[in-house]
Every structure is written in C-alpha cells, then in structure tokens.
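Colleague: Heads up: the sequence lines are chains C and X, in that order. Mapped onto full-length UniProt numbering, the consecutive letters of the first sequence carry residue numbers 1 to 393. Mapped onto full-length UniProt numbering, the consecutive letters of the second sequence carry residue numbers 1 to 379. For every residue, glycine included, the Cβ atom is placed at its ideal position computed from N, Cα and C. Pasting in a structure now, in structure tokens, and then I'll have a few things to ask.
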Amino acid sequence: MAEDLDAFRAETREWLEANCPEEMRQPVRDERDVYWGGRNAEFKNDAQKAWFEACRDRGYTVPDWPKEYGGAGLTPPQAKVLRQEMARINARPPLSSFGIWMLGPALLHFGTEGQKQRFLNEIARGEIRWCQGYSEPGSGSDLVSMQTFGEDKGDHWVVNGQKIWTSYADEADWIFCLVRTDKNDKYRGITFMLFDMASDGVSTKPIKLISGNSPFCETFMDDVKVPKSYGEDIPGYVGEINRGWDVAKYLLGHEREMISGAGNKERSGSLGPKLARNGIDNPVLRAALAEYDIDALAYGCMGEKFLDELKVGKAHPAQPNMMKYAGTELNKQRHELMMSAGGSRALEWESEETNGGTPARSWLRTKANSIEGGTSEVMLNVIAKRILDLPGA
Amino acid sequence: MPLYLNEDQQMLADTASEFMSEQGSIEKQLRHWRDKGCKDGFGHELWGQFAEMGFTGMMVDEDHGGLGMGHVEAGIVLEQIGRNLTPSPFLTSSVMAASALGAGSDDLKGRWLPGLVEGKSVFAIAVDEGPKHNPQEIKTRAEKSGNGFRLTGAKTFVIQGASADMLVVAARTSGDDSDDEGITLFAVPKDAANMKQNPVRLVDSSMASHVTFDGVELDGDAVIGEVDGGREVLNRMLNAGRAGAAAEGVGVAGGAFDRTTEYLKQRKQFGKLIGEFQALQHRAAHLYSELEIARATAIKAAQMLDEDADKADLMVSVAKAKVGKVARLAVQEGVQMHGGIGMTDEYDIGLFMKRDRALHEFLGDHYFHADRVAKLSGY
C-alpha cells in the first residue's frame, strides 16, 4: 500500500512537472487568476487554459469523484498525495466552482443517477457555473424562515421571491435554490430546486460592498417556471419534494468546510516570514506575528486532521462548523496583521503598486468570512448543541 | 500518514485510558500521595505497573528490552496521564532520558535501560539553571580531570531529582556560556559525591530539586554521546520532552474541559441549568474548537518527530505553545464556570489549574516557544 502510494507520488510529480505551466505556480494576484468555468468563461491566458484542460482530461478538477462523473476516482490517500504535490509546487486549482465545493457533494449524496451523469460531468468539465440561492432579505441566520414560494402547477412550479448574497449570480449559468413549497411546515416545506439563470423572470443586481467590489447579488424571481423534470431520471429538484432542508443542511456542511479554508495552504501558512522580509522593527508587532503564526500553523494541522478524518468518516458530522468558526476568525486576524505590517502603503485604494488596492480590499472582504454561510455566533450555537450536547441549545 | 490514530494506536489509547483512569486516578494517586506528604510525589508501585503495561520502555529499542515505539505512542500515554493528573516519572524517564540514552554507548545503555524498562529506575533531567527555561545558556561546567570530568555548577527545576537513580545533566565542556558547541551530557548517578539536592514541593504537588555540583567527579563513561557534541542530543531530548508535554497538556485541558461541560449540565441557577445560558455555551464551544486544534497540533508534532521531518523543530514549538495557551484557557474557564465550588480543594478542577501551571512552565512556556517559532521562521 505504502509502496503503491510512493509510486503514485512519483507518477503525480512527473505529470505535474510536465503539465503544470510555470505561470500556474504563482500565487493568485487578482480575480482573473481564478478560473470559474461556465458558458461565458474566458481564459486569462494560454497557461490557464492549458492547465485547466490537462486537469479536466485527467479528472483532476475533481480528483476524488468517480470516473463516470468526470473525476479521477482517487482514493483518499491518493487524493491527499495529489494535494500535497500540488501544494509543493504552489499549483493553482485548475477550476474553482460552487459546483465542485457545494452542489457536487450534495448530488453525490442525494442525486439520482441521471442527475449525477448530467450535472456532475458538467461541473467537472467546467461547462456550467452554478450559484447558490439560500439567504433572503428577511432570512439570514434564521435561514429556514425563507419565503420564496413555488406554486405547484403539475409538471412545473411557478417561483416568486427574492434571494440575496447570491455569490456571482450575475455570472452564473444555473442556480440551486431553496424554494418554499409548503407554507404550513417550516422545515418540511422546502424544495431544493435546480434551474437555469437564463429562464424568463430571473434577474440579478450586484450589491456593492465595503471592499468596492460586487461579488454578491440580489436575485429576483418573477413568475419563473421551474420544470419538475429535465428528462428521464433527471428531476428538477434534489432529494424529495418538501424535504429540501435535509439537502440544504448537508450542503451547508460543505459550504462551511469550503469557507473554513481547511487544506488551503495560503491561509494556514505562517505570516511572519513573509512580512519580515523587510525587517520588523517593533517587538510588539513581532510578538503578535509569532502568536498569529502559532495559531495559523496549528490550524493547518487541524485542517489536515479534519480532511483526513472526513474522508474516512471519522469526523464528527458537525465538525465543519467548528472549522468554519476557527478558520474564518483566523483569516480576519491574518488580514488585520497584514494591514498593520503594511502601514500606509496598505491603505492605498487605487495605486498600481497595490494592484488596485488589493491589501485593503482583501482585508475588507475577509470581514464577510465570519458572516457568510452561517455567522460565528451560529457556529458556536451549533457546536454547543450538536457536539457538546449542552441543554436548551 | 493520516493525522489520526491507526488501529494499533487506537488500541493503545483504549488500554492507556482504562489503566490510567483506574490505577492512575486522582483519588488513588495525586491526592493520595499529596495528602500523605510523600517525598517522591508519585507512587513507585504505580511505576512498576507502568512497566507491566509496557509503558516504561515503550520508546526504548527492542535490543534493550523496550518496544521501540515512537513519539505518537508516547503521546497517547501522556494524554491519559494528563487527563488523570497521574504523577509519574514517565515524561522525564521514559521519554526524555530514554531519548538521551539512545545516543549513549552500549555500556551506558546496558547500565541504565534495564532498570527503566523494569520500572525499577527513575531518571531526572537537569538542564535549567534559572527560573525561566533557557537551554541555550549552559553555565554548569565539566572540566577534564584525570580520565574523567569534574562537574561544577547548579541546576534547578529538576523534576523528581531526589527520587532519581540517575540525573541526565547538561554541562559545558568548552566555549562560552551561550555557544551552541561545547555541550556535553552526563549520566550522573544519585550517589555521586559532592552533589547536593534541595527538593521543593511545587504548586501541583510534584517535587523538584535545586541541585548543586560542587566538584562532582565523574568517570569518562558517564558521558552520553560525544564530548562537546551534546547540543544535538540535548535538542533531541528537549524536543521529545516538549512534544510529550504538549500531549500531556492536551490531556490536562481535555480533563478540565470534560469536567466543566458536565458541570454545565448539572448546576442550576435562576431555575435553569447554567449550560442553557448562551454566554456560557459560546465560551464552551470556543474552548472545544481550540482544544481540537491543540490536539491536532500535538499529534502532528509527534508524527514529524517520528518521521525526522525537516520542520519538526518548528512544529514542536508550535505544539508546545498552542497547547500551552489552550490548556491555560481550559483550566481558567473551568474554575470560573464552576463558580465558588471551583475554588475548593474538594473539587478536582483546581488541581487541573495547578498542574497546567507547572506543565506549561516545563521546557519553555508559551512565550519561550512563540519566540522560538519567530526565530526558527527567520524573524
């Protein structure tokens, strides 16, 4: 087994050497360095295209998904070796998408064979870009109170309502969306629907954030017709009708795992060595960096342990909540320190030297980390209830 | 290697947990010996039982009667020791001294290891010279004298020094006080002439000695490893001890945490279980999160030592510092959430706070290791 893994490592190393272009081994500098796929996707350059296509053809956009759904069918230890080898050369992810991180795992768990064949392959090949319709203006932390309603019309629903904080809705091709289909049952009255963003009646409006960027949108649904079926064994919803909350909760685990940054080398690495290149004169700042680095490197260990345990079913089902809480609080602190170490240069909003204010805009962006996908306070509630079993929680 | 226990390790954990919670319990060991005013601060009978369980020599190689296990396995036993506050010479003898003796001559191994494996011998570590851990500076001198050496100086915080059959002493054989080179480790027998011990009871009821060497004559064969080349052996021994102390600290924190969450589920005020109050729930949940991270870090450090990985040094300090901070939080929250009763000697939670204080200080507190993390990272 260990020998097989060694062989796999050698083979992987060789393949990466031959297929991962030098430009794809650099840290991500701006939005366009991240390839999201989709109908309207454009590559920033040839290197990005070559790297994506090489991975897609080998199933490495989703290495641990089964081969028949576009993955490479790697075992957990093999997937870990691939992660390690990619991290070793700082390889960028070939494809980023909510399809990979969120919808995919939910379909693997709840989807029909027909849904898996169609949607998972589209995701793995980067053909369809998905967005998530969860929060509503009146339903943030209390998500289950959502009101967007789908009226049953036999072979389809007519959906009316509004979603908010829909990440990249204006660039997405399809949406997975929570829609109320029974007003009399809070938890068992929600259906997890899938539909095309190009459908009549769907419109989006970007929300300008404190960072000056607009990664989130408002999404309006005005008499949108959502079919109950897209063909044989391809329902227009995941799981059962009115039981979408089960799917939503399962998917939230994956969303929280994604936001936690577990296994993200950039986020769980130390900061001191980078910021100290120009010297740190102030001993109090040095001490703060050392404290941070301890927390960051320790969190890196936790990320590794969490992912290892997750793959073999040893992780507590509510553990992604703990990871999200710890990971996002840490990331906010990271950017606070980067701003402090950067001084007045880091305040620049539009300069060339800061690539258009990247430090300040990124710092502001991280403030959403402990809000999106469930606030830190909600995470603590969930830990108290589901892991610690505290009374009345 | 995945970052969780494999089947064999899980079996060891179950065995150690059962043994320590029965034989090594607070009632049977810590309180028992404390209330008797025991000079050793631990039970020799329990040390014999450690041997029967295979714990005493678990890191000793098989040629010398041990089990040849690694830091991860030692950490598993130490976590249970921490959880039960079991006083024993395990960390200093079976982890640290065993690590040092591993670099010694066959004669030296033959002289000391069998007693350790059998649970008959106890070893102590004499490195610190001031109230704060600073192994870079070693002032205790060993000068050539005939075929051997003559040792002069003073050591402090020598845990169980007065109970030990042998002390591993770090001394300077050449160079200046803070040089890397010029360190030599010695195995000094307890009856060495001109060695004086002043044993003192510490806050956690353990015993530690101030030791003075006033021209202690040692044979050349008391040298562990190479003369002047002891820094590497010393570092390896310290890392083994720090990773072990981190594992024990995870146990101390876990024990305090479990008692605290249990208490939150029992104690009523304002007509409610206090665990229903969100102010306490969030603090408990935060502590849980920190404790999980600390445990992962302690295992990772042990794994890296076992693999002899490049950055093991760094991760050991990360683990000692992280566990130190988290265990400190766990015992403080523990006493606070217990309220008035947490201040009483009758309740165990205060014992966790005392043990954390001593363990945290041992081999470098979190400030020491934060500084070391910065230095090892180049700033």
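Quick check: is the beta carbon of ASP371(X) nearer than 8 angstroms to any beta carbon in chain C?
Modeller: Chain C, which has a Cβ nearer than 8 angstroms to the Cβ of ASP371(X), makes this yes.
Colleague: Given a cut-off of 8 angstroms on the beta-carbon distance, is the pair ASP55(C) and PHE98(C) in contact?
Modeller: A quick correction: the sequence has Cys, not Asp, at residue 55(C). Contact: no.
Colleague: Could you give the residue range of the alpha helix (DSSP H) that holds GLY148(X)?
Modeller: Note, GLY148(X): premise wrong, no alpha helix (DSSP H); beta strand (DSSP E) at 148 to 159.
Colleague: Using the Cβ count rule (16 or more neighbours within 10 Å means buried), how would you classify LEU252(C)?
Modeller: So LEU252(C) ends up on the buried side.
Colleague: Any beta-carbon of chain C closer than 8 angstroms to the one on ALA285(X)?
Modeller: Yes - at least one Cβ of chain C is within 8 angstroms of the one on ALA285(X).
Colleague: Are at least three pairs of beta-carbons, each pair with one atom in the region 59 to 66 of chain X and one in the region 106 to 114 of chain X, less than 8 angstroms apart?
Modeller: Yes, they touch.
Colleague: Name the chain X residues whose beta carbon is nearer than 8 angstroms to that of LYS314(C)?
Modeller: Within chain X, the residues near LYS314(C) are TYR4.
Colleague: The beta strand (DSSP E) that contains ASN160(C), what's its start and end?
Modeller: From DSSP, the beta strand (DSSP E) with ASN160(C) extends over 156 to 167.
Colleague: Evaluate ALA198(C) with the Cβ neighbour count: other Cβ atoms within 10 Å of its Cβ, from every protein chain shown; 16 or more gives buried, anything less gives exposed.
Modeller: The residue is exposed, with fewer than 16 neighbouring Cβ atoms inside 10 Å.
Colleague: Taking C-beta to C-beta, are TRP47(X) and SER88(X) nearer than 8 angstroms?
Modeller: Yes, the pair counts as a contact, with Cβ atoms nearer than the cut-off.
Colleague: Is PHE362(X) helix, strand or coil when you go by DSSP?
Modeller: Reduced to three states, the DSSP call for PHE362(X) is coil.
Colleague: Does DSSP put GLN269(X) in a helix, a strand or coil?
Modeller: GLN269(X) falls in the strand class under three-state DSSP.
Colleague: Do ARG277(C) and ASN242(C) come within 8 angstroms of each other at the CB atom, strictly closer than that value?
Modeller: Taking 8 angstroms as the Cβ cut-off, ASN242(C) and ARG277(C) do not qualify as a contacting pair.
Colleague: Would you please verify whether the beta carbon of THR15(X) is less than 8 angstroms from any beta carbon of chain A?
Modeller: Reference to chain A is not applicable here, since the protein chains of this structure are C and X.
Colleague: Threshold first: 3 residues or longer. Then list the beta strand (DSSP E) segments lying entirely within the region 219 to 269 of chain C, N to C.
Modeller: None, since the region 219 to 269 of chain C contains no complete beta strand (DSSP E) of that length.
Colleague: What in chain X is Cβ-close to ALA287(C), meaning under 9 angstroms?
Modeller: Going along chain X in sequence order, the residues near ALA287(C) (Cβ under 9 angstroms) are TYR367, ALA370, ASP371, ALA374.
Colleague: Identify whether GLU129(X) lies in helix, strand or coil by the three-state DSSP scheme.
Modeller: The answer is coil: DSSP assigns GLU129(X) none of H, G, I, E or B.
Colleague: Terminal residues of the continuous beta strand (DSSP E) containing ALA142(X)?
Modeller: It spans 141 to 145 - the beta strand (DSSP E) in which ALA142(X) sits, taken as one unbroken run.
Colleague: Since I believe ALA164(X) is in contact with ALA124(X) (beta carbons under 8 angstroms), could you give me their beta-carbon distance rounded to a whole number of angstroms?
Modeller: Confirmed, Cβ separation roughly 4 angstroms.
Colleague: Going by the CB atoms, is the gap between ALA72(C) and ARG58(C) shorter than 8 angstroms?
Modeller: Taking 8 angstroms as the Cβ cut-off, ARG58(C) and ALA72(C) qualify as a contacting pair.
Colleague: Around the C-beta of ARG236(X), are 16 or more other C-beta atoms found within 10 angstroms, so that it is buried, or is it exposed?
Modeller: ARG236(X) comes out buried.
Colleague: For a cutoff of 8 angstroms on Cβ pairs, would you count ALA10(C) as touching chain X?
Modeller: No, no contact with chain X.
Colleague: Which residues in the same chain have their Cβ closer than 6 angstroms to the Cβ of LEU74(C), if we skip the five residues on either side of it in sequence?
Modeller: Counting only Cβ-Cβ distances below 6 angstroms, and skipping sequence neighbours, we find PRO63, ASP64.
Colleague: Could you give the distance in angstroms between the alpha-carbon of PHE220(C) and the alpha-carbon of GLY161(C)?
Modeller: Cα to Cα, PHE220(C) sits roughly 6 angstroms from GLY161(C).
Colleague: When you compare only the Cα positions, how much space is there between VAL318(X) and ASN134(X)?
Modeller: For VAL318(X) and ASN134(X), the distance between alpha carbons rounds to 17 angstroms.
Colleague: Within the region 52 to 91 of chain C, note down every full alpha helix (DSSP H) run reaching 4 residues or more, in order along the chain.
Modeller: Those alpha helix (DSSP H) runs which fall completely within the region 52 to 91 of chain C and span 4+ residues are 76 to 88.
Colleague: Does ILE207(C) come out as helix, strand or coil in the three-state DSSP assignment?
Modeller: Three-state result, ILE207(C): strand.
Colleague: Can you confirm whether the region 287 to 297 of chain X touches the region 258 to 271 of chain C when touching is taken to mean that 3 or more C-beta pairs between the two stretches lie within less than 8 angstroms?
Modeller: These segments do not touch.
Colleague: Strictly below 7 angstroms CB to CB, what residues from chain X border SER268(C)?
Modeller: Going along chain X, no residue has its Cβ under 7 angstroms from SER268(C), so there is no contact; the nearest lies around 11 angstroms.
Colleague: Note down, in chain order, each residue of its chain lying with its Cβ closer than 6 angstroms to the Cβ of GLU137(X), except the 5 sequence neighbours on either side.
Modeller: If we look at GLU137(X) and ignore the five residues flanking it on each side, its Cβ neighbours are ASP177, SER178.
Colleague: At the 8 angstroms Cβ level, is LYS305(C) part of the contact set with chain X, yes or no?
Modeller: With 8 angstroms as the cut-off, LYS305(C) counts as an interface residue toward chain X.
Colleague: Roughly how many angstroms lie between the CA atoms of LEU291(X) and ASN239(X), to the nearest whole one?
Modeller: Those two C-alpha atoms are separated by around 21 angstroms.
Colleague: By Cβ distance below 7 angstroms, which residues in the same chain neighbour GLY272(C) in space, the five residues on each side in sequence not counted?
Modeller: Answer for GLY272(C): LEU289, ALA290, ASP293, listed in chain order.
Colleague: Would you report the Cα separation of SER25(X) and ALA330(X), rounded to the nearest angstrom?
Modeller: Computed Cα separation, rounded: 20 angstroms.
Colleague: Could you name the residues of the same chain whose beta carbon sits closer than 7 angstroms to that of GLU85(C), not counting the 5 residues immediately before and after it, in chain order?
Modeller: Here the set comprises ARG9, THR12, ARG13, LEU16.
Colleague: As a quick exercise: from LYS36(X), MET166(X), GLY175(X), pick the residue whose alpha carbon is nearest that of MET96(X).
Modeller: The shortest Cα separation from MET96(X) among LYS36(X), MET166(X), GLY175(X) belongs to MET166(X).
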